[in-house]
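Residue numbers (the numbering used here): 368 to 499.
Have a look at the structure below, then the notes.
See below:
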C-alpha cells in the first residue's frame, strides 16, 4: 500500500490552476506516523495532487506541493505554521476553516473511513500476539 501512495505522490497535473485548497491529515501506518496532503481544484472539486510525507509536516512539504503546480496559484488552507512559507515564494493564500474548503475535507473523510477498517485489533494486542 505504501508503494501505491508513493506513486500517487509523483502524479501531478500540468494544468494551470487559479485557486486550490491544500490540507493535510495524519495517520499511523506500520508503527510510523504519515501525513497525506491533498490539493483540490476548487472550481471542479477534483483532487489534482496527493503527496505523502513521513514523520513531519514542514514548510518544505508545502513548497514541494505548490512548486509542482508552478507557484502561480491562490491557496486556501485550514491553518498551521507551515503554510507561512508560501510568503517566501509570493503565493497568495488565505486561512479559511470551512466553506469553500469542504471538497478537501470530504476527500479526507473517505480516506480515513477506508483506513479505519485496517485498524481493528483488540485493545491489549501487540505485534507479537497478532502474528502468533
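Quick reminder that beta carbons are idealized off the backbone N, C-alpha and C, glycines included.
Owing to the predicted nature of the structure, the values given are computational and were not obtained by experimental measurement.
Contact defined as beta carbons within less than 8 Å: I believe residue i pairs with residue j. What is the distance between those atoms, to the nearest angstrom?
i           : j           : result
residue 445 : residue 468 : 6 Å
residue 475 : residue 405 : 7 Å
residue 418 : residue 400 : At roughly 15 Å, the Cβ-Cβ gap does not stay under 8 Å, so residue 418 and residue 400 are not in contact.
Within a Cβ cutoff of 7 Å, which residues of the same chain sit near residue i, ignoring the five residues on either side of it in sequence?
i           : result
residue 453 : 429, 433, 442, 460
Taking C-beta to C-beta, are residue i and residue j nearer than 7 Å?
i           : j           : result
residue 470 : residue 412 : yes
residue 508 : residue 455 : Here the chain covers residues 368 to 499 and nothing more, so residue 508 does not appear.
residue 408 : residue 397 : no
Who pairs with residue i in a beta bridge, going by DSSP?
i           : result
residue 403 : 392, 419
residue 413 : 408
residue 387 : 408, 442
Excluding the five sequence neighbours on either side, which residues of its own chain have a C-beta within less than 8 Å of the C-beta of residue i, listed in chain order?
i           : result
residue 451 : 426
residue 387 : 406, 407, 408, 409, 415, 436, 440, 441, 442, 443
Leaving out five residues before and five after residue i in sequence, what residues of the same chain have Cβ atoms less than 6 Å from its Cβ?
i           : result
residue 482 : 394
residue 389 : 406, 442, 444
Mind listing, in chain order, the continuous beta strand (DSSP E) runs of no fewer than 3 residues lying wholly within the stretch 445 to 471?
Listed in chain order, they are 460 to 462.
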